[in-house]
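**Student:** Position 145 of the sequence shown, counting from 1, maps to 145 under full-length UniProt numbering, and the rest follow consecutively. For every residue, glycine included, the Cβ atom is placed at its ideal position computed from N, Cα and C.
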Amino acid sequence: MVSLRCKMVVKEELKKLGLHYVNVDLGTIEILEDITDLQREQLRESLMKYGLELLDDHRKIIIEKIKSVIIEMIHYSDELPKVNYSDYISEKLGYDYTYLANTFSEVKGITIQQFIIMNKIERIKELLLYDELNLTEISYLLHYSSVSHLSNQFKKITGLTPSYYKKLKKKRFKNLEDL
1 MVSLRCKMVV KEELKKLGLH YVNVDLGTIE ILEDITDLQR EQLRESLMKY
51 GLELLDDHRK IIIEKIKSVI IEMIHYSDEL PKVNYSDYIS EKLGYDYTYL
101 ANTFSEVKGI TIQQFIIMNK IERIKELLLY DELNLTEISY LLHYSSVSHL
151 SNQFKKITGL TPSYYKKLKK KRFKNLEDL
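1) Please classify Ile-61: is it buried, with 16 or more other beta-carbons within 10 angstroms of its beta-carbon, or exposed?
2) Report buried or exposed for Lys-120, applying the criterion of at least 16 other Cβ atoms within 10 angstroms of its Cβ.
3) On the DSSP letters alone, give me the boundaries of the alpha helix (DSSP H) that Leu-87 sits inside.
4) Let me make sure I understand the geometry here. Which of Met-73, Ile-70 and Lys-7 has the alpha-carbon closest to that of Thr-25?
5) Give the DSSP bridge partners of Ile-31, in chain order.
6) Might you give, ordered along the chain, the residues of its own chain that have their beta carbon closer than 6 Å to the beta carbon of Leu-133, omitting 5 neighbours on each side?
7) Check whether the region 78-94 touches the region 42-51, counting contact only when three or more Cβ pairs, one atom from each stretch, lie closer than 8 Å.
8) Drop a sphere of 10 angstroms on the beta-carbon of Tyr-99, count the other beta-carbons inside from all chains shown, and report buried for 16 or more, exposed for fewer.
9) Relative to the C-alpha of Gly-94, which candidate in Asn-84, Gly-109, Asp-78 and Lys-65 has its C-alpha closest?
10) Enumerated in chain order, which unbroken segments of the alpha helix (DSSP H) with a length of 4 residues or greater are wholly contained in the UniProt domain "HTH araC/xylS-type" (64-168)?
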């Protein structure tokens with residue numbers, strides 16, 4: 001999801017360039033008029049000052065949208081969708097999943113499923129550090145079939161068991177507090 005601050009920055013930069021927009025959302029801008037090469041370059045430079053990137057390549061835009069949907073789904077939703085991830089992503093973006101999956105793999109060199117797993121592991125790490133949920137609750141929250149499935153996937157990606165990871169992080173925090 002595009003943050004409110006990012007939207008405001010983009011809208012302000014468009015206004016400075018005299019460009020009228022219909023919509024600024026999830027990595028896309030709909031501009032009413034044709035944009036000149038000079039305006040495009042000025043917009044690109046202005047956005048870079050804020051750490052934002054202007055993407056012209058349709059494939060790169062699709063990839064960023066896929067990544068945004070997955071990150072929003074895993075990191076910022078209270079509950080993961082009940083449907084398959086492929087159906088959810090396809091429905092959310094309005095494209096056939098096979099097209100999305102092939103484009104993502106060609107450009108990123110990994111599958112959408114691998115990207116989802118990497119993000120789920122990052123989310124598990126966060127949840128372990130917050131120490132508000134146990135592994136069973138985390139497993140349920142992130143739609144793992146079992147705690148052992150979560151633990152196996154976590155270990156395969158990180159090389160550590162979830163409980164060992166949690167102990168390691170707590171020990172590091174304690175050592176920092178003792179300084």
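**Tutor:** The answer reads as follows:
1) Exposed.
2) buried
3) For clarity, residue 87 is Asp in the given sequence; the question names Leu instead. Where Asp-87 is concerned, the enclosing alpha helix (DSSP H) stretches over 85-93.
4) It should be pointed out that residue 25 corresponds to Asp in this sequence rather than to Thr. Ranking the options by Cα distance to Asp-25, first place goes to Lys-7.
5) DSSP links Ile-31 through a beta bridge to Tyr-21.
6) Leu-127
7) With the cut-off at 8 Å, the region 78-94 and the region 42-51 do not touch.
8) exposed
9) Lys-65
10) 85-93, 97-108, 112-130, 135-141 and 147-158
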